[in-house]
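Participant: Sequential numbering of the sequence shown, starting at 1326, is according to this note's numbering. Think of the CB as a built atom: it goes at the ideal place given N, C-alpha and C, for glycine as much as any other residue. Quick caveat, the model's predicted, so the values are computed rather than measured. Supplied in structure tokens, the structure appears directly below.
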Amino acid sequence: MAREFKITSLRLQDLEKELNYLKTTREREVAAMIAEARSYGDLSENSEYDAAKNEQAKLYGRIAEIEDILSHAVIIEDENEASGRVGLGCTVVVEDVETGKQTTYRITGSQEANPMECKLSDDSPFGRSVVGKAAGEKFVVNAPAGSYEMKVVSVSREG
């Protein structure tokens, strides 16, 4: 079975725009770079040609990657919305039971996760622990650095 990529509709639109750009504008730019490099003569010692071909390989690799994501994408927007429980696309405020420190996270699919922006994947240790919980519930996160207890303060659907 093919891997599913859980993404929001906004991320889907971004990927479709990027794919369109890569297949049109960027592909023409790289083709022009190759044509110009070919005009310099001997290809065996032509570093510009090698660089252009490497750029073309990266371009086609990224196109293939985006096409794979789009063909296996699962849109996640409204999961758990009515229940008030944490799910993909939710913003959750949690409190460290030991320190009392509160932090806000957005639960996303793996393609959108970015811990520096407090966007955590549902596949991460934290994500697996918090998904399905409601406000007021406590949960234990089994992270590589050790286990710690958290409490869900609130769950919302805003971005």
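Identify whether residue 1436 lies in helix, strand or coil by the three-state DSSP scheme.
Facilitator: If DSSP states are grouped into helix, strand and coil, residue 1436 belongs with coil.
Participant: For residue 1481, which of 1463, 1465, 1469 and 1458 has the nearest alpha-carbon?
Facilitator: Of the listed residues, the one whose Cα sits closest to residue 1481 is 1458.
Participant: When you compare only the Cα positions, how much space is there between residue 1352 and residue 1475?
Facilitator: One C-alpha to the other measures close to 48 Å.
Participant: How big is the Cα-Cα spacing for residue 1435 and residue 1364?
Facilitator: Their Cα atoms are separated by approximately 44 Å.
Participant: In this structure, how does DSSP classify residue 1391 when only helix, strand and coil are distinguished?
Facilitator: The answer is helix: DSSP assigns residue 1391 an H, G or I state.
Participant: Measuring straight from C-alpha to C-alpha, what distance separates residue 1357 and residue 1440?
Facilitator: About 38 Å.
Participant: Would you list the residues sitting across from residue 1410 in a DSSP beta bridge?
Facilitator: According to DSSP, residue 1410 bridges with 1459.
Participant: On the criterion of 16 or more Cβ atoms from any shown chain inside 10 Å, does residue 1382 qualify as buried, or is it exposed?
Facilitator: Looking at its Cβ environment, which holds fewer than 16 other Cβ atoms inside 10 Å, residue 1382 is exposed.
Participant: Kindly examine the ligand NAP and report whether one of its heavy atoms sits closer than 8 Å to the Cβ of residue 1337.
Facilitator: Ligands displayed in this structure: none; no statement on the ligand NAP is therefore possible.
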